[in-house]
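J.: Using UniProt numbering, read the sequence shown as starting at 1 and increasing by one per residue.
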Amino acid sequence: MAAFANEGAVLVALKYLYPAAVFLYYLASSLLATCTLQALKKTQNARPERPGRKAVVCILGLFLATYVVQLTILGIQSILEKAVPLEHQVINFLSCTLVFGILFIQLRESDTIVWYPFRGSWFIALFFEVVIAVMTVLDSGQAVKTTYNMLHMAVLGLRLVSLLTLTVWTCLGIWTKARPPATDQERQSLLPKPDGNEAGTQGTAGSSGNSPTYGSTAQSDNASDPEFSWERRQREARESMEKRLEEVGNWWEYAKGFAILFPYIWPVGNPTLQLRAAAVMLCLLISNALHLLIPRQTGIIMDNLGDSSGSPWAAVLGFALLRLAASESGIELVRQWLWIPVKYYSQDALTRASFSHMMNLSADFHDSKSSSDMMMAIQAGHAVSNAIENVLLAAVPSLVDMCVAIVYLSITFGPYEGLITVATGTVYIMLATRLVAESKSASRKRVNAIYQEHHIRHAGLVGWQTVSTFNQIGFEDNRHANAVTNRWLKEQQYVMNWFVSIAFQTIVLTAGLMASAFLAVYRIRNEQATPGQFAMLLMYWAQLTSPLQFFAKLGKGMSDNFIDAERLLAIMKTKSTVQNKKNARPLKFASGEVVFEDVCFSYDKQKNILNGVSLQVPGGLTVAFVGATGAGKSTLLKLLTRFYDVTGGSIRIDGEDIRDVDLFSLRDRVGIVPQNPILFDDTIMNNVRYGKITASDEEVFEACKAASIHDKILSFTNGYETRVGERGVKLSGGELQRVAIARAILKQPDIVLLDEATSAVDTDTEQQIQRSFNKLCQGRTTFIVAHRLSTIMNADRIVVVENGKIIEQGTHDELINTNGRYADLWSKQVFLKPKDDDSAKVSDDGKTLANDSCSERTSTEPSEPQDGSTHSRVAQEGDGKAVQESNGKATQESDVKAPEGKKCQKEGSRLNPVAPEFTPRSMAATATNTSTKSTSAAYPIVSSTIGKTGT
1 MAAFANEGAV
11 LVALKYLYPA
21 AVFLYYLASS
31 LLATCTLQAL
41 KKTQNARPER
51 PGRKAVVCIL
61 GLFLATYVVQ
71 LTILGIQSIL
81 EKAVPLEHQV
91 INFLSCTLVF
101 GILFIQLRES
111 DTIVWYPFRG
121 SWFIALFFEV
131 VIAVMTVLDS
141 GQAVKTTYNM
151 LHMAVLGLRL
161 VSLLTLTVWT
171 CLGIWTKARP
181 PATDQERQSL
191 LPKPDGNEAG
201 TQGTAGSSGN
211 SPTYGSTAQS
221 DNASDPEFSW
231 ERRQREARES
241 MEKRLEEVGN
251 WWEYAKGFAI
261 LFPYIWPVGN
271 PTLQLRAAAV
281 MLCLLISNAL
291 HLLIPRQTGI
301 IMDNLGDSSG
311 SPWAAVLGFA
321 LLRLAASESG
331 IELVRQWLWI
341 PVKYYSQDAL
351 TRASFSHMMN
361 LSADFHDSKS
371 SSDMMMAIQA
381 GHAVSNAIEN
391 VLLAAVPSLV
401 DMCVAIVYLS
411 ITFGPYEGLI
421 TVATGTVYIM
431 LATRLVAESK
441 SASRKRVNAI
451 YQEHHIRHAG
461 LVGWQTVSTF
471 NQIGFEDNRH
481 ANAVTNRWLK
491 EQQYVMNWFV
501 SIAFQTIVLT
511 AGLMASAFLA
521 VYRIRNEQAT
531 PGQFAMLLMY
541 WAQLTSPLQF
551 FAKLGKGMSD
561 NFIDAERLLA
571 IMKTKSTVQN
581 KKNARPLKFA
591 SGEVVFEDVC
601 FSYDKQKNIL
611 NGVSLQVPGG
621 LTVAFVGATG
631 AGKSTLLKLL
641 TRFYDVTGGS
651 IRIDGEDIRD
661 VDLFSLRDRV
671 GIVPQNPILF
681 DDTIMNNVRY
691 GKITASDEEV
701 FEACKAASIH
711 DKILSFTNGY
721 ETRVGERGVK
731 LSGGELQRVA
741 IARAILKQPD
751 IVLLDEATSA
761 VDTDTEQQIQ
771 RSFNKLCQGR
781 TTFIVAHRLS
791 TIMNADRIVV
801 VENGKIIEQG
811 THDELINTNG
821 RYADLWSKQV
831 FLKPKDDDSA
841 KVSDDGKTLA
851 NDSCSERTST
861 EPSEPQDGST
871 HSRVAQEGDG
881 KAVQESNGKA
891 TQESDVKAPE
901 GKKCQKEGSR
911 LNPVAPEFTP
921 RSMAATATNT
931 STKSTSAAYP
941 IVSSTIGKTG
951 T
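(1) Please tell me whether phenylalanine 499 has its Cβ less than 8 Å away from any Cβ of chain B.
(2) Can you give the Cα-Cα distance for glutamate 726 and aspartate 681, rounded to whole angstroms?
(3) Around the Cβ of histidine 357, are there at least 16 other Cβ atoms within 10 angstroms (buried) or fewer (exposed)?
(4) Pop quiz: leucine 151 and alanine 133 are said to be a contact at Cβ under 8 Å. What is the actual Cβ separation, rounded to whole angstroms?
(5) Could you tell me which uninterrupted alpha helix (DSSP H) segments, each at least 4 residues in length, are contained entirely in the stretch 308–385, listed from first to last along the chain?
(6) Would you tell me roughly how many angstroms separate the C-alpha atoms of glycine 655 and cysteine 777, rounded to the nearest one?
(7) Go ahead and pull the three-state DSSP assignment for valine 661.
(8) Going straight from the alpha carbon of leucine 639 to that of lysine 445, what length do you get?
(9) If distances are taken between C-alpha atoms only, which option among Ala552, Gly532, Phe104, Ser410 comes closest to residue 956?
(10) Put valine 495 into one of helix, strand or coil per three-state DSSP.
(11) Just how far apart, CA to CA, sit phenylalanine 93 and leucine 74?
(12) To the nearest angstrom, how far is the alpha carbon of lysine 730 from that of alanine 624?
(13) Nearest CA to the CA of threonine 146: which residue from Gln77, Asp604, Leu107, Val114?
(14) Check this for me: beta carbons of glycine 512 and isoleucine 406, under 8 Å apart or not?
(15) For glutamate 699, I'd like the list of residues in its chain whose CB is within less than 8 Å of its CB, leaving aside the five on either flank, ordered along the chain.
(16) Can alanine 315 and leucine 290 be called in contact, C-beta distance under 8 Å?
(17) Here's the rule I'm using: 16 or more other beta-carbon atoms within 10 Å means buried, otherwise exposed. How should tyrosine 522 be labelled?
(18) Please state the DSSP three-state secondary structure of glutamate 808.
(19) Considering Cα atoms alone, identify which of Ile265, Thr298, Ala786, Ala28 is closest to glutamate 389.
(20) Does the Cβ of aspartate 660 have 16 or more other Cβ atoms within 10 Å, making it buried, or fewer, making it exposed?
(21) May I ask which residues mark the beginning and end of the alpha helix (DSSP H) holding valine 785?
(22) Look up lysine 530 in the DSSP assignment and say whether it is helix, strand or coil.
(23) What does DSSP give as the partner residue(s) for cysteine 600 in the beta ladder?
(24) I want to know whether the stretch 585–602 touches the stretch 290–299 - three or more CB-CB distances under 8 Å.
(25) Can you tell me whether isoleucine 473 is buried or exposed, with buried defined as 16 or more other CB within 10 angstroms of its CB?
(26) With a floor of 4 residues, list each alpha helix (DSSP H) that falls wholly inside the stretch 448–488, ordered by position along the chain.
(27) According to DSSP, what are the bridge partners of residue 952?
(28) Looking at the structure shown, is leucine 62 part of a helix, part of a strand, or coil, going by DSSP?
(29) Under the DSSP definition of a beta bridge, which residues are partnered with alanine 624?
(30) Determine the direct distance from the alpha carbon of glutamine 549 to that of phenylalanine 499, and round the result to whole angstroms.
(31) Specify whether the stretch 418–434 and the stretch 449–464 touch according to this definition: at least 3 beta carbon pairs, one from each stretch, less than 8 Å apart.
(32) Is the CB-CB distance between threonine 635 and leucine 666 below 8 Å?
(33) Do the stretch 550–566 and the stretch 523–542 touch if we need at least three Cβ pairs shorter than 8 Å?
(34) Under 8 Å Cβ to Cβ from lysine 243, same chain only, skipping five residues before and after it: list those, please.
(35) Indicate the three-state DSSP secondary structure (helix, strand or coil) for proline 19 in the structure shown.
(36) My understanding is that glycine 810 touches glycine 632, with C-beta atoms under 8 Å, so please give their C-beta distance in whole angstroms.
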């Protein structure tokens, strides 16, 4: 009688089917749990584990050990009795050891456990084990009872008991009522751990404890490490991805969110490109067939060489043709020729669409995003293309290659070879995935060190003048050297970890190859295979290495692609807060009358910047807004150009609400000179011509002459072809501003907005520009924002804005006479302050304003204007010299006396201490009242908040 009794066909089939069924169920259910975010939900709703994981791990370990024991019994029996064990029996034990070993490792090392893949696997295993045990007992009833059979039955009984315990215990865990999840405060410790990390009770996930503890905030691994821009972008994109995953509930719905990018990815409406994409799929199928045929053809050549009667030349020619077809000059060349237009269509379409979308978003988006963030988001279009290419052109063909190889090798060398291939691939991918995950920390430190080195080097080179001025070259040199050393150490650690991981992966592949080689040699020795098939086996293993390495890195690569694509998706989903109404009519410009009616606005929807501003400006009028920084002056200009939309009230031009007219027709009528103009890195000619793209050179020259910059440009080496550098850095502040003014003059707008347009020019140039402005603004509605009050003295109306409200308005003389906030600002900028306030006097006739001088016979001190400019032309005399009045007479300062009741600075006022007391030119008491009445009558439509400020 044979040492190993034969078993029935049904029992043999069950033993082959058993591990495959368990593995496929676990794989499918685990993928389902991943797609439905079960692990994430378990982490958020942490509950006490029922049953305890440690107990389950121990029982599962006992269950797994029974297969190892049975394999040991088979090995001892085959050695002692010199008999070959049944193939299906060995494969069953090895396969079950592999499958349940995977479950054991996952259960033991996973942070968060989703139980139903394990429970289902155990139920399936229990079914097969019971059926196999019953059939084995029935078959063994007719066989001779041996010690080995009794041992197998005993081990089988132990396995059934352990498996039954697992299923019953986990079922009780389902039905046992668990306590409500403890709150964060209940689970978290009030004291830090001894190692300095915050203590936190880990939930069922056994998570790393990175969640913030009671009374603390979450921090990075090293709070002292700066968060570089790339790291911030990665973190924000990852948080956005996780948030959206949590909202939609599963990966399928998450992936559907990218559907808005589909028209840019797939060539919709382009049949030629669609046909090319279909042809690429055909090329992939041909490539898969070639990967199968080439190793087989190699085996045929080897067999022909061993057969002296046959000729190998035909086989060699066939091999050469197959290699040529599979090479870069064959089917791969055709595939690339077909795919490149499709690939670059998607990249170009995504790039163009994302840039166009960003350019059409409103100012609130651009104010909240840095230029680098937007550039990275546009480049993220490549990540979408790469993700699709990885899945369709790499993952699917590689998976097909592996499946075909496993099936073909199993047919050629038997089930053992198929098991070896599957086991090697599974262990390799698990090990590689684990090593990649563990290398994240070293990779992050390495990238941080690279960015830190770059940051220090960039700061030192850009700030060379500051470094040299403060004599800190040695300090910067040492800082840079330390950064280079730190980067080198982190690089060395990362590279070493990478080589170690490659070594472990190579060991797994080599072990699988050696096992396959031993099996092949054994079958060749027993004339169950040929030497040519051995050569074929070696080529197949060489081809399997690349797909295994690809799948090991696929998860991380896809995750990175999704994170990058999330940036682009978030921006493409962003809607502009300034919408151009459908079928909006163009602005019908007439006189240029602008009306602000009860305008309210807030940037953050919490604090109002403007509160009920009402103002009527007839066409052709020049209106100046003055007030402290942050009062809302520039905001009014932004609202007028619809960089933002009002949150309350309305703005009308010639009776039309600007929200109802076409946005581009509105901006086409408006010209603006900002306080900090931005020029493109181009020539001066092109920068000025940007105001009117179709302008001739002569028109550009005239605009520059009007802005008093023409002669200065001609003094440059390249004249109008001089490149201004990024943002105009090669020009001085005054030159930059005058080029911007020339650009606005060239546009010849109907409404002119000047936001501190002369803040960076000298007095002489300012006077020239003011004359140019008079020509530009003549007959045009003009709004000016200015801090230098001398520049807006001649405005038709001056509006004082404070805390988002209009508190005063009128002409310069009217506002001076009202003795309010404007007069306060004027006094701080224009007049001089003597050292002794009591010595300041004004002549009795009240017709002229006397200059202050020092009563102690010392020189007077000029009061510093707020913007650092000087406008007064008051003569200064020292050591008791007379101060010249406007009529040319010398008046001793002791004779100067200010009339009572005419001081703009009163007791208890909040004027700047260095500001002088002064008397306006209009001294008549009745003039003040008359002016006040005329102001109220002249401007009836004003905010209800308008009133005189108490000084």
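Backbone N, C-alpha and C define an ideal beta-carbon position, used for all residues, glycine too. Note that the coordinates shown come from a computational prediction; the quantities given were computed from them, not determined experimentally.
T.: Straight from the coordinates:
(1) Judged by its chain identifiers, the structure shown contains no chain B, having just a single protein chain.
(2) 5 Å
(3) buried
(4) Not really, about 15 Å apart at Cβ, beyond 8 Å.
(5) 313–326, 331–359, 363–368, 371–379
(6) 21 Å
(7) In the structure shown, valine 661 sits in a strand (DSSP, three-state: E or B).
(8) Cα to Cα, leucine 639 sits roughly 46 Å from lysine 445.
(9) The structure shown does not extend to residue 956, since the chain is modelled only from 1 to 951, so the question has no answer here.
(10) helix
(11) 10 Å
(12) Computed Cα separation, rounded: 31 Å.
(13) The alpha carbon of threonine 146 has as its nearest neighbour, out of Gln77, Asp604, Leu107, Val114, the alpha carbon of Gln77.
(14) It is not a contact, given that the beta carbons lie outside the stated cut-off.
(15) Excluding positions up to five away in sequence, the list reads Lys692, Leu746.
(16) No. Outside cutoff.
(17) exposed
(18) If DSSP states are grouped into helix, strand and coil, glutamate 808 belongs with the strands.
(19) Ile265
(20) exposed
(21) That residue, valine 785, is in no alpha helix (DSSP H); its beta strand (DSSP E) goes 781–785.
(22) The sequence given here has threonine at residue 530, not lysine. Reduced to three states, the DSSP call for threonine 530 is coil.
(23) Gly648
(24) Because the criterion of three Cβ pairs below 8 Å is not met, the stretch 585–602 and the stretch 290–299 do not touch.
(25) exposed
(26) 464–469
(27) The structure shown does not extend to residue 952, since the chain spans only 1 to 951, so no value can be given for it.
(28) helix
(29) Ile784, Ile798
(30) Cα to Cα, phenylalanine 499 sits roughly 14 Å from glutamine 549.
(31) The stretch 418–434 makes no contact with the stretch 449–464; the number of CB pairs closer than 8 Å stays below 3.
(32) Against a cut-off of 8 Å, the Cβ pair of leucine 666 and threonine 635 comes out as no contact.
(33) no
(34) Answer for lysine 243: no residue qualifies.
(35) helix
(36) The pair is not a contact, with the Cβ atoms about 19 Å apart (cut-off 8 Å).
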